[in-house]
Amino acid sequence: MFGYLKQDITKIQKKLSKKLSESRYQHSLGVAYTAASLAMRYEADMEKALLAGMLHDCAKYMTPDEMLKMALNKKIEISEVERMKPDLLHAKLGSYFAIKKYHVKDKEINEAIICHTTGKPDMTLLEKIIYVADYIEPSRYKMPRLKELRKMAFVDIDKCLIMILEDTVKYLEESGLYIDDNTKKTYDFYKK
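Using my numbering, you'd call the opening residue of the sequence shown number 5 and step up by one each time.
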């Protein structure tokens with residue numbers, strides 16, 4: 005544990021509840037508690053998982069145009085797909101806000117926030133926990149194999165991660181949507 009006091013976490017929750025829509029705030033709490041549970045299961049830092057889960061979508065109150073404008077203004081690196089689909093920038097801006105607005109300067113937490121949407125090759129345990137928790141948290145209901153994924157998350161997080169990546173890539177391909185380079189690289193890395 006790195007020493008966030010309960011009142012610090014409560015302050016972050018209050019700030020978030022004022023910024024995010026009610027459903028996005030409830031999703032963030034769901035991810036935080038799911039991440040903390042996975043951290044307990046895999047003996048990871050529960051407090052880091054809780055904070056990363058809570059803050060992973062803290063930039064989601066912005067419109068895609070606002071995200072793009074802010075990322076350009078703050079000189080945040082933008083991929084080709086992020087330029088076409090700026091709502092993906094919420095992960096990078098979320099990390100930026102975690103540092104600047106919520107005073108969470110832990111590199112591991114910020115990296116987990118950055119890759120929670122697309123993943124990245126060779127993720128740390130905390131990064132896997134946040135990626136998986138975002139997909140399986142209790143308010144999610146539309147994803148395929150959700151019941152199986154929720155069970156697998158607590159049995160073998162790597163296998164669960166691969167299953168989520170397979171479903172994500174399949175969905176994006178079938179829908180004719182752009183696949184972010186990081187998602188493709190992550191999928192290829194874990195498929196091996």
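The beta carbon of each residue, even a glycine, is placed where N, CA and C say it ideally should be.
With contacts defined by Cβ atoms closer than 9 Å, residue 87 and residue 97 do not form a contacting pair.
Below 8 Å, enough C-beta pairs join the segment 33-51 and the segment 119-135 to call them touching: three or more. Here the segment 115-122 makes contact with the segment 179-187; the two share three or more CB pairs at distances below 8 Å. For the set 100, 183, 161, 182, the Cα lying nearest the Cα of residue 42 is the one of 161. One alpha carbon belongs to residue 21, the other to residue 48, and they sit about 26 Å apart.
Between residue 140 and residue 154, the CB-CB gap stays under 9 Å. Taking the C-beta atoms as reference points, residue 171 is found no nearer than 9 Å to residue 156. For secondary structure counted as the alpha helix (DSSP H) over 4 or more consecutive residues, the segment 144-185 holds these complete runs in sequence order: 150-157, 161-179. Burial state of residue 159 is exposed, judged by a 10 Å Cβ sphere holding fewer than 16 other Cβ atoms. Around the CB of residue 90, 16 or more other CB atoms lie within 10 Å, so the residue is classed as buried. Going by beta carbons, residue 83 and residue 76 fall outside the 9 Å limit.
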